[in-house]
Every structure is written in C-alpha cells, then in structure tokens.
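Asks: Here UniProt numbering is used: the sequence shown runs in plain steps of one and ends on residue 455.
A virtual CB, placed ideally from N, CA and C, is assigned to each residue, including glycine.
Owing to the predicted nature of the structure, the values given are computational and were not obtained by experimental measurement.
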Amino acid sequence: LNALFLLCKIPCLCGSAPCLLCRCCPSGNNSTVTRLIYAFFMLLGVGIACIMLMPGMEEHLKKIPGFCEGGMGSSIPGVKGHVNCDVLVGYKAVYRVCFGMAMFFLLFSLIMVKVKSSQDPRASVHNGFWFFKFAAATAITVGAFFIPEGPFTTVWFYIGMAGAFCFILIQLVLLIDFAHSWNESWVEKMDEGNSRCWYAALLSATTINYALSLISLVLFYVYYTHSDGCTENKVFISINMLLCVGASVLSVLPKIQESQPRSGLLQSSIVTLYTMYLTWSAMTNEPDRRCNPSLLGIIGLNSTTPAGQDRVVQWWDAQGIVGLILFLMCVLYSSIRNSSNSQVNKLTLTSDESALIEDGPAPENFEEGDGTNRAIDNEKDGVTYSYSFFHFMLFLASLYIMMTLTNWYSPDANYQTMTSKWPSVWVKITSSWICISLYVWTLVAPLVLTNRDFD
C-alpha cells in the first residue's frame, strides 16, 4: 500500500503545489504552500549542515570500508578510498552545502524576474516540478564538494559575510513588520472591547522586552568589559545604548505620533532587544579572549580554550543557537505572512503594484465539502509576492546560516582551522547601527517627505 501511495504521488512531484497536500492538511492558498515548501528545502539543508558539524562525524565516515582516504575501517578488496573526508565534515562541509543552496536560490531568483501572475509559464516552474527542483538542488550541492580548496573557502567567507549582513537588515524589516502587525492587532482588540486586558498585555510585552534589554546591557558591562581594557566593547555597548534610548524617545514624540499613529514603544522595544543581540553577537567574535568569554565560562562551566589554540567550530554555541532561532522565525514568517501586511510590501513585492493582489478568498468553483484538501491558485490575476525577491531572500538566508553555523569565524591561511577576526565584528556592529538608522527613518520619513502618502 505504501508503494502504491508513493506511485500515486509521483505525478504530483512533477506537478504543482496542490498535489503535495495530504488529506489531513488544511486547504490553503497556492502562494503560501509554495513558500512553505521552499522553506522546507532550506531547513533540510540546514539540518544536513548541522549533522556535518557534529563531533566525531569524520571518525564515523572513516570507518566505512574503502570510502575515505586513509580510512580506519577494513578495506574492501580491490577498492581504495579516494574521498577526502575532511571536506565532508566541519566548516568546509557547511560552506559547500550552503554554497549549493545559495546557488539554487540565486538561479531561481534570476529566472523569476518580472513574473506577474501564475499564467506566466515560469510561474509553473516556481510552483511545481518539485522532484526536478529537489534533484537540481542536490546535484548543485554535490557538485560543490568537487570544488578545489584553493582560495574558494576564503572568497566564499567574504561573500558570506556580505550576504549575511544584508539578511540581518531583512531580519530587522521583518521584525518591524511583525511588531507593527502585533501592535495593530492588539490595538484593534482594545477598541473592540475589554480594553484594560489588552492594554495590560501590550504594556507587559513592551516591559518584558525592555527588561531583557536592560539585563543584557548590565551583563555586557560585567562580562565583556574590564577596567584596564576592552575599550572597543565599552564603546560598542555605550553607543548602542544611547542610540536605542534615542530611538525609543523619538517614537513617542507628539510630532511622530501625529504623522505615524502606529509607532510606539512596542516596536522600539523589539528593535532595542534585537540591537542588544547584534551587539552581543559582535562581541563574541572579538579575537581578544579576555573580552570574549564563552557562555559556558560565564555560567561557571570550564570551557576555556588553551592559549594559542583556536576554538572548535560548533553550531550549538549560544550565539549560533539564537541566530538559528531568529533565522527560523524570519523564514517561516516571510513564508506565511499575507501580502496585506503593508510594512514590507515595498521591499518584498514587485515594483509594479498594479500586478499585485491580496491573498483573496477561494474561487467560486472550489467547494469546501468536496472531501479534498488542496492549494488554491490565488495568483491568476497577479502575484501576491515577488517570486524573484523571495528567492533572493533565501539566497541571502543561505549565506547567513553559513556564517551562523561557523560562528562567523574566518579560515586561516592554510584552510585548516577557523579563527575570530575583526571584520566579522565590524560587520555585525555596523549592521546594528544601520538597523537603528532604518527604524528611525521609518519614524521621521513622513515628516521629511511631506509630498508622499505613507498610509
């Protein structure tokens, strides 16, 4: 029966997203189902990269008879190991897996430029042919492992830093969009009834965010600064503290409230907490170990690294875990949010707004009681999001996850180990300043550009 079920699903793997819905799945819009499947592609690659970073993986591979060069297992007669298992594990494997994912999404980003509706032949490629796309992504990723070492690792590291920097900015936009949507939803419920309850909930969420930011600030000064050093950390923490206070005060000024009624302390608190995370993430990449203690060392566990020895790259470091959580939130949120969220339409939708439609109701010929669950083609009149930009965002997400899993460490001259370098610190701290600047611009833009409609 299982084999028969799989045979029945083979045509669906070559078709569109509706076929992939099972009977237990709720019906939904084709645009949402497609984005979720691409998000699953991304998460599958992240899982593979995490497995390759697990300790002891290289030893397990070498035990496979005749697989690795110099393998420890009993060899198969007539078969010699020709695979360099060093490339299949550790940060080198993460670089190649993420290279395959990034090239797959970049290719689709270029192919899907200017797609206006699902009637475009390219839209059927975007929304279907899942088996072939999975095979293509796998082929590109496998091919990445045959790229010679040489300068590939170093070049891809700097490309990854640039792409991850851009994705951090997209994270901010999505977080602001989420904060606006959150604020609007609760304010509407306050107007509908039981205003005291919803006001208390809004105030509590804002207070918790600011409290966490304040606790983070104190911990930064305690553990990441010293009276006789760590000047850079003192400057980073102080500047970002002042910028966050200034942005919070600015958001509640009468002039800002008059032009931007939706602005408030909830959005400012989320931006402040995100800025504290970026500040902490930057300081965890400082080369000076006195100013960069590990989280295990802070909480009292012995995790010190001997002098002169590089830290081992592992994805379960504290900042890597937080980065993974933020990554998952942003990718899933960008996949399920409706096009009616106006805060990011200008960023994620096509420039020709006449070609865009809202996520509308089901077509008239769809009967809910017909016993089937399917995705509805809601993009016949116009796309609800930019296909090209969505793939480009996943391209940047692939680079961000590569840098997160390797803790933003830089490969050394011999491509054997990873070390903390100042460029990673400056990329993160600069992104925190740009993030605050972008948020401040969303507050003052209506006052500066008076001839534009920001409704």
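Please state if the CB of Ala-205 and the CB of Leu-266 are separated by a distance shorter than 8 Å.
Replies: If you number the sequence shown from 1, residue 266 lands on position 266. If you number the sequence shown from 1, residue 205 lands on position 205. Result yes, Cβ atoms of Leu-266 and Ala-205 sit closer than 8 Å.
Asks: Between Ile-215, Lys-92, Leu-447 and Ala-49, which lies nearest to Tyr-277 when the distance is taken from Cα to Cα?
Replies: Position 277 of the sequence shown, counting from 1, holds the residue named residue 277. When each option's Cα is compared against that of Tyr-277, the closest is Ile-215.
Asks: For a quick check, are the C-beta atoms of Met-403 and Met-161 less than 8 Å apart?
Replies: On the sequence shown, residue 403 is found 403 positions in, with the first residue counted as 1. On the sequence shown, residue 161 is found 161 positions in, with the first residue counted as 1. The answer is yes: Cβ separation under 8 Å.
Asks: If we ignore side chains and look at the alpha-carbon of each, how far apart do Asp-288 and Trp-408 end up?
Replies: Locating residue 288 in the sequence shown gives position 288, where the first residue counts as 1. Locating residue 408 in the sequence shown gives position 408, where the first residue counts as 1. Using only the alpha carbons, I get a separation of about 15 Å.
Asks: When you compare the CB positions of Ser-431 and Thr-419, do they come within less than 8 Å of one another, or not?
Replies: Against the sequence shown, residue 431 aligns to sequence position 431. Against the sequence shown, residue 419 aligns to sequence position 419. In this structure, Thr-419 does not lie closer than 8 Å to Ser-431 by Cβ.
Asks: Please identify the residue among Phe-41, Asn-29 and Cys-98 whose C-alpha is closest to the C-alpha of Met-52.
Replies: Here residue 52 corresponds to residue number 52 of the sequence shown, with the count starting at 1. Of the listed residues, the one whose Cα sits closest to Met-52 is Cys-98.
Asks: Determine the burial state of Asp-177: buried for a count of at least 16 other Cβ atoms within 10 Å of its Cβ, exposed for fewer.
Replies: Within the sequence shown, the letter at position 177 stands for residue 177. Buried: at least 16 other Cβ atoms inside 10 Å.
Asks: Indicate the three-state DSSP secondary structure (helix, strand or coil) for Thr-450 in the structure shown.
Replies: Along the sequence shown, read from residue 1 onward, the residue named residue 450 stands at position 450. Of the three classes helix, strand and coil, the one that applies to Thr-450 here is coil, per DSSP.
Asks: Between which two residues does the alpha helix (DSSP H) carrying Gln-319 extend?
Replies: Counting from one through the sequence shown, the residue named residue 319 turns up at place 319. 318-336 is the span of the alpha helix (DSSP H), which, as asked, contains Gln-319.
Asks: Let me make sure I understand the geometry here. Which of Gly-90, Met-42, Thr-153 and Pro-151 has the alpha-carbon closest to that of Phe-104?
Replies: As a first step, residue 104 is located in the sequence shown; it is residue number 104 there, counting from the start. If we check each option's Cα against that of Phe-104, Met-42 comes out closest.
Asks: Between Ser-195 and Pro-261, what straight-line distance do the alpha-carbon atoms span, to the nearest angstrom?
Replies: Here residue 195 refers to the residue found at position 195 when the sequence shown is read from its first residue. Here residue 261 refers to the residue found at position 261 when the sequence shown is read from its first residue. Looking at the two C-alpha atoms, the distance is approximately 18 Å.
Asks: Helix, strand or coil for Ile-147? Go by DSSP, reduced to three states.
Replies: On the sequence shown, residue 147 is found 147 positions in, with the first residue counted as 1. The answer is coil: DSSP assigns Ile-147 none of H, G, I, E or B.
Asks: Going by alpha carbons, who is nearest to Asp-381 out of Ala-123, Met-54, Leu-332 and Thr-275?
Replies: Translated into the one-based positions of the sequence shown, residue 381 becomes position 381. For the residues Ala-123, Met-54, Leu-332 and Thr-275, the minimum Cα distance to Asp-381 belongs to Ala-123.
Asks: Per DSSP, what kind of secondary structure is Asn-183 in: helix, strand or coil?
Replies: Stepping through the sequence shown from its first residue, residue 183 is reached at position 183. Helix.
Asks: How many angstroms separate the CA atom of Ser-268 from the CA atom of Phe-132?
Replies: As a working note, residue 268 is residue 268 in the sequence shown. As a working note, residue 132 is residue 132 in the sequence shown. Straight-line Cα distance between these residues: approximately 44 Å.
Asks: So, Leu-326 versus Gln-171, is the Cβ gap smaller than 8 Å?
Replies: Within the sequence shown, numbered from 1, the residue matching residue 326 stands at position 326. Within the sequence shown, numbered from 1, the residue matching residue 171 stands at position 171. Cβ atoms of Leu-326 and Gln-171: closer than 8 Å.
Asks: Span of the alpha helix (DSSP H) holding Ala-89?
Replies: Start at 1 with the first residue of the sequence shown, and residue 89 comes out as number 89. Note on residue identity: the sequence assigns Val, not Ala, to residue 89. Unbroken run through Val-89: none, as it is neither H nor E.
Asks: Are the CB atoms of Gly-163 and Leu-399 nearer to each other than 8 Å?
Replies: Taking the first residue of the sequence shown as position 1, residue 163 is located at position 163. Taking the first residue of the sequence shown as position 1, residue 399 is located at position 399. It is a contact, given that the beta carbons lie within the stated cut-off.
Asks: Taking 7 Å as the limit between beta carbons, can you name the residues of its chain near Arg-337, skipping five residues before and five after?
Replies: To locate residue 337, count along the sequence shown from 1; it is residue 337. Closer than 7 Å at Cβ, skipping near neighbours: no residue.
Asks: Could you give the DSSP three-state label for Gly-128: helix, strand or coil?
Replies: Here residue 128 refers to the residue found at position 128 of the sequence shown. Gly-128: strand per DSSP, three-state reduction.
Asks: Is the beta carbon of Leu-396 closer than 8 Å to that of Cys-166?
Replies: On the sequence shown, position 166 is the one that residue 166 refers to. On the sequence shown, position 396 is the one that residue 396 refers to. Their beta carbons are under 8 Å apart, which means Cys-166 touches Leu-396 by this criterion.
Asks: Are the segment 438-450 and the segment 239-257 in contact at 8 Å, needing three or more beta carbon pairs?
Replies: Touching, yes.
Asks: Look at the alpha carbon of Leu-438 and the alpha carbon of Ile-237, and state the distance between them as a whole number of angstroms.
Replies: Here residue 438 corresponds to residue number 438 of the sequence shown, with the count starting at 1. Here residue 237 corresponds to residue number 237 of the sequence shown, with the count starting at 1. Cα-Cα distance, rounded: 19 Å.
Asks: Do you know offhand how far Ala-201's Cα is from Ser-251's?
Replies: What you label residue 201 is simply residue 201 of the sequence shown in a count that begins at 1. What you label residue 251 is simply residue 251 of the sequence shown in a count that begins at 1. Rounded to whole angstroms, Ala-201 to Ser-251 spans 20 Å at the Cα level.
Asks: So what does DSSP say about Ser-281, is it helix, strand or coil?
Replies: What you label residue 281 is simply residue 281 of the sequence shown in a count that begins at 1. Helix at Ser-281.
Asks: Quick check: Ile-434 and Leu-243, are their CB atoms within less than 8 Å of each other?
Replies: On the sequence shown, residue 434 is found 434 positions in, with the first residue counted as 1. On the sequence shown, residue 243 is found 243 positions in, with the first residue counted as 1. No. Outside cutoff.
Asks: Asn-285 and Val-425 - do their beta-carbons sit closer together than 8 Å?
Replies: The residue labelled residue 425 in the question sits at position 425 within the sequence shown. The residue labelled residue 285 in the question sits at position 285 within the sequence shown. The answer is yes: Cβ separation under 8 Å.
Asks: Where Ser-31 and Ser-335 are concerned, what is the direct C-alpha to C-alpha distance, given to the nearest angstrom?
Replies: For the purposes of this step, residue 31 is identified with residue 31 of the sequence shown, where counting begins at 1. For the purposes of this step, residue 335 is identified with residue 335 of the sequence shown, where counting begins at 1. Approximately 9 Å between the Cα atoms of the pair.
Asks: Just list the residues that DSSP pairs Gly-229 with in beta bridges.
Replies: Stepping through the sequence shown from its first residue, residue 229 is reached at position 229. Answer by DSSP bridge pairing, in chain order: His-226.
Asks: Buried or exposed: Glu-188, going by 16 or more other Cβ atoms within 10 Å of its Cβ?
Replies: The residue labelled residue 188 in the question sits at position 188 within the sequence shown. It counts as exposed.
Asks: Compute the Euclidean distance between the alpha carbons of Leu-219 and Gly-323, then round it to the nearest angstrom.
Replies: Counting from one through the sequence shown, the residue named residue 219 turns up at place 219. Counting from one through the sequence shown, the residue named residue 323 turns up at place 323. Cα to Cα, Leu-219 sits roughly 19 Å from Gly-323.
Asks: Just to confirm my understanding: we take Leu-36, look at its own chain, exclude 5 residues before and 5 after, and list those with CB closer than 6 Å. What are they?
Replies: Against the sequence shown, residue 36 aligns to sequence position 36. The answer, listed in chain order, is Ser-335.
Asks: Measure the C-alpha to C-alpha separation of Val-222 and Gly-229 and round it to an integer number of angstroms.
Replies: Position 222 of the sequence shown, counted from the start, is the residue given in the question as residue 222. Position 229 of the sequence shown, counted from the start, is the residue given in the question as residue 229. If I take the Cα positions, the gap works out to 13 Å.
Asks: Verify whether the separation of the beta carbon atoms of Trp-198 and Trp-182 is less than 8 Å.
Replies: Along the sequence shown, read from residue 1 onward, the residue named residue 198 stands at position 198. Along the sequence shown, read from residue 1 onward, the residue named residue 182 stands at position 182. Contact flag unset, no.
Asks: Closest to Ser-281 by C-alpha separation, out of Pro-293, Ser-109, Gln-319 and Cys-291, would be which residue?
Replies: Here residue 281 is taken as the residue at index 281 of the sequence shown, counted from 1. Of the listed residues, the one whose Cα sits closest to Ser-281 is Gln-319.
Asks: I need the straight-line Cα distance from Arg-96 to Glu-149, nearest angstrom please.
Replies: What you label residue 96 is simply residue 96 of the sequence shown in a count that begins at 1. What you label residue 149 is simply residue 149 of the sequence shown in a count that begins at 1. Near 11 Å, if we compare the C-alpha coordinates of Glu-149 and Arg-96.
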